[in-house]
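Quick note on numbering: the working numbering labels position 214 of the sequence shown as 854, and the sequence is numbered without any gaps.
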Amino acid sequence: MQVSSLNEVKIYSLSAGRSLPEWLSDRKKRALQKKDVDIRRRIELIQDFEMPTVSTKIKVSRDGQYIMAVGTYKPRVRCFDTYQLSQKFERCLDSEVVTFEILSDDYSKIVFLQCGRFVEFHSQHGHYYRTRIPKFGRDFSYHYPSCDLYFVGASSEVYRLNLEQGRFLNSLQTDASESNVCDMNPVHFLFAMGTAEGKVECWDPRTRNRVGQLDCALSSVTADTEIEGLPSISALKFDGALNMAVGTSTGQVLLYDLRSSNPLIVKDHHYGLPIKSIQFQHQLDLIISADSRIIKMWNKDTGKIFTSMEPEHDINDVCLYPNSGMLMTANEAPKMNIYYIPVLGPAPKWCSFLDNLTEELEENPESTVYDDYKFVTRKDLENLGLAHLIGSSLLRAYMHGFFMDIRLYHKAKMMANPFAYEEYRREKIRQKIEETRAQRVQLKKLPKVNKELALKLIEEEGEEQQITRKRKQKNLPSLLKDDRFKVMFENPDFQVDEQSEEFRLLNPLVSKISEKRKRKLKILEELEAQGQEEEEEPEGKASDAESSESSDDEKGWVEEVRKQRKLLRQEEKLKRQERFKEDQQTLLKPQFFEIKEGEEFRSFKDSAKKQKLMKKTLEDRLKLEEKLGTLNVSDTTVGSKQATFKLKKSEQQRKQQEAEKRHRQERKTLRRSASHLKSRRGRGRLFH
């Protein structure tokens, strides 16, 4: 059971318990329930009080014994018996339910308005009858004296179905293009419907005439509200004979007295989401309004917030159990939430043990971490030496890290740092000793960190105490005794750096003030070393001397700032000179670059040309190659394009081809010379 509190109103979430990881199998969940005491002690008020995927509407029968809910998937209705604290029956439907109404005191007569224009009637044994209306319906109300069902939806007409005669009656013609919600007054049976244009039309079922019209869209716009678009009516509820609450699609709730056209109060949810449900709580004069994100309870006379709830999942419907402090919600999740608020009223008689249970419970913070698993990042795994487990079944990836078993984490931590417990034990012993020392009579010691700042605060406190005694004012709390600033005088990370540039420029008189404090520090250290107790704080100089020093300080303030700036410039100049000397002493080593195989380095300009060429488009590169002669594009007879190109050759291939060409030319010349010699020898023989 989780407990939350807002405005000192305790809210007990009966459906929330210790969460289990979703990746665990059903077998492991059952085993964990057997071992873990906390999981076994979870309060399951009604067994299996959930839907397979989403619950859309939830209502209680008039006798208070049965709770009925509809949801998906598949479309179904479930009835829960509060006397047995379990599910009584479940019926699957052909299409999703828009809304439903329990006509009898128990579950024996139910009407379902479905999204496919179907109206389905169920009796105690199950499905009874099914019919259709001409247009898609969004809501309906039942008129008990005449047994008429009034359907509103995507039409300007209000369809009437008489259950006694079993036939449709003449419909009511309205001025609206579409209607979203409707309600029947339980006292004088005035029928009201909310339109898409932001108006509420009221009809008298006896004469079937419109008796009034309210422009809620205009009334919802106030000086404090910001509205985008035209507000339509999304919720409507009567309270008694004269009061009516209207919810808009932009997140406003308007409370009306039927005798006036102006709202009594306008309450804004400040989320800009449509109001889903409105309920009245008569014991404390509260209105419970809900959108998909938050449930707000506020006083209907003043509009002051009583309390509010923000469930984990989006809200679809809210149901207040009559004459009790129990609240149930249908959400965009399988589990339907049950809340118990003792301030609103007692627990229902079928779970009266809640009153005794809640009296013994203390307020506990909501747990948001899995107790049996530890969340670790990749860096934590590397520090523990478990980085090799990434990808195994021992780690479950989640967001920017992993979930691992808490026992494995503790073992790995002990192996990575075996002396961690000893260090923790020594630190705890040291803290205990310091706490016991603080109870003794001590000297007025200064803290180890920021001693000068502490001495300055002590001096200022003494001066303020003298002023308050003269003026008879209350003493202000001390910074040294305040727990919020305790770490500033204990942790060395908060030590003030007096050599920093910011400190020296913002505190030009720090040198003179520090000299005074250093004298007092020496006196206090001597007294601590001797072990003597001080009865009074060391006094300063006479008032005349102090006044003269303050006037000198005011005169020399500008000079001190100038001196500090000069010193800072000189230091920067010295640092620059040192860097310049270091740069001169450093020797620049040559850098070598590796060239890919098959390429010849000519100059850095070639690489720059290649990069520019690669950045160009394909069309520009083709044009450039045509100019160079390496590419030739011609038209064929068929009508297509023919491109012939020459491959670029590397320098080695070019040299090899030139050598082969020279070799072929040499061979040709040799062959010619040889053939020429042969021809001359043949001629000589003929002459002989």
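Positions of the beta carbon are idealized from the N, C-alpha and C atoms, including for glycine.
In whole angstroms, what is the alpha-carbon distance linking residue i and residue j?
i	j	result
D1122	F1129	11 Å
G1330	V906	Since the first residue shown for the chain is 641 and the last is 1328, residue 1330 is missing from the structure and cannot be characterised.
I773	Y799	8 Å
L858	S992	46 Å
Y768	F761	5 Å
S665	L672	11 Å
P982	V643	12 Å
D667	K674	In the sequence as presented, Asp is not what sits at residue 667; that position holds Arg. Taking the straight line joining both Cα atoms gives about 11 Å.
V649	T947	7 Å
V710	L926	27 Å
G1031	V1127	42 Å
D788	T739	17 Å
F689	E1062	49 Å
T1008	H953	Confidence at T1008 is low in this model, with a pLDDT of 42, below 50, so the placement of that residue should be treated as unreliable; the coordinate-derived value is given next. When rounded, the distance between both Cα atoms is 15 Å.
V840	K989	38 Å
G1041	A1027	12 Å
C856	F776	24 Å
S872	D1020	53 Å
E1218	L1258	53 Å
Sort the options by Cα distance to residue i and report the nearest one.
i	options	result
E736	L753, Q724, S726 and K1206	L753
L1097	V1089, L1119 and D879	L1119
D1133	Y911, N1090 and L1029	N1090
A794	D779, E1222 and N956	D779
S917	Q1296, N971, P986 and E1300	N971
L1262	G891, K1249, E1101 and A1283	A1283
S786	K1162, L830, G777 and C822	L830
L876	Q923, V821, E837 and S889	V821
D897	K714, D941 and K697	D941
T722	M966, A1027, E1092 and H1028	M966
L1336	I928, L924 and I683	Absent from the structure is residue 1336, since the part of the chain shown begins at 641 and ends at 1328.
Y782	P871, E818, D879 and A832	A832
A1037	A1052, V1016 and D1020	V1016
L801	I698, V717, P826 and F758	F758
G838	R846, S860, G852 and R848	S860
Y747	L733, C755, M708 and R731	M708
What residue range is occupied by the uninterrupted alpha helix (DSSP H) comprising residue i?
i	result
A1352	A query on residue 1352 cannot be resolved here, the shown segment of the chain reaching from 641 to 1328 and no further.
T998	F993 to E1000
Q673	D666 to K675
E736	No alpha helix (DSSP H) contains E736, which DSSP labels as neither H nor E.
M1039	It is not in any alpha helix (DSSP H) - M1039 carries neither H nor E in the DSSP assignment.
A836	Per DSSP, A836 belongs to no alpha helix (DSSP H) and is neither H nor E.
K1263	L1258 to L1268
R1047	I1046 to A1056
N825	No alpha helix (DSSP H) contains N825, which DSSP labels as neither H nor E.
R1018	R1018 to L1024
Using a 10 Å radius around the Cβ and a threshold of 16 neighbouring Cβ atoms, would you call residue i buried or exposed?
i	result
T835	buried
L994	buried
S653	buried
H1316	exposed
R1070	exposed
S1319	exposed
F729	exposed
Y790	buried
N977	buried
T890	buried
D879	buried
N647	exposed
Pop quiz: residue i and residue j are said to be a contact at Cβ under 8 Å. What is the actual Cβ separation, rounded to whole angstroms?
i	j	result
A885	H828	Between H828 and A885 the Cβ distance is about 17 Å, and since that is not below 8 Å, they are no contact.
D931	P914	6 Å
G1025	A1056	6 Å
D957	T696	7 Å
P974	M691	6 Å
Q764	S726	That belief does not hold up - the Cβ atoms of Q764 and S726 are roughly 18 Å apart, past 8 Å.
How far does the beta strand (DSSP E) with residue i in it extend, from its first residue to its last?
i	result
I915	I915 to Q921
L978	Per the sequence shown, residue 978 should be read as Ile rather than Leu. Counting along the chain, the beta strand (DSSP E) containing I978 begins and ends at N977 to Y980.
E760	F758 to H762
W938	I935 to N939
G943	From DSSP, G943 is part of no beta strand (DSSP E); its letter is neither H nor E.
T969	M966 to N971
I773	Here I773 belongs to no beta strand (DSSP E), and DSSP marks it neither H nor E.
F708	A small fix is needed here, since residue 708 is Met in this sequence, not Phe. Start and end: Y706 to T712.
V751	I750 to Q754
T696	V694 to V700
Measure from the C-beta of residue i to each C-beta in chain E and report whether the shortest distance is under 8 Å.
i	result
Y979	Considering every chain present, this structure includes no chain E. It has just one protein chain.
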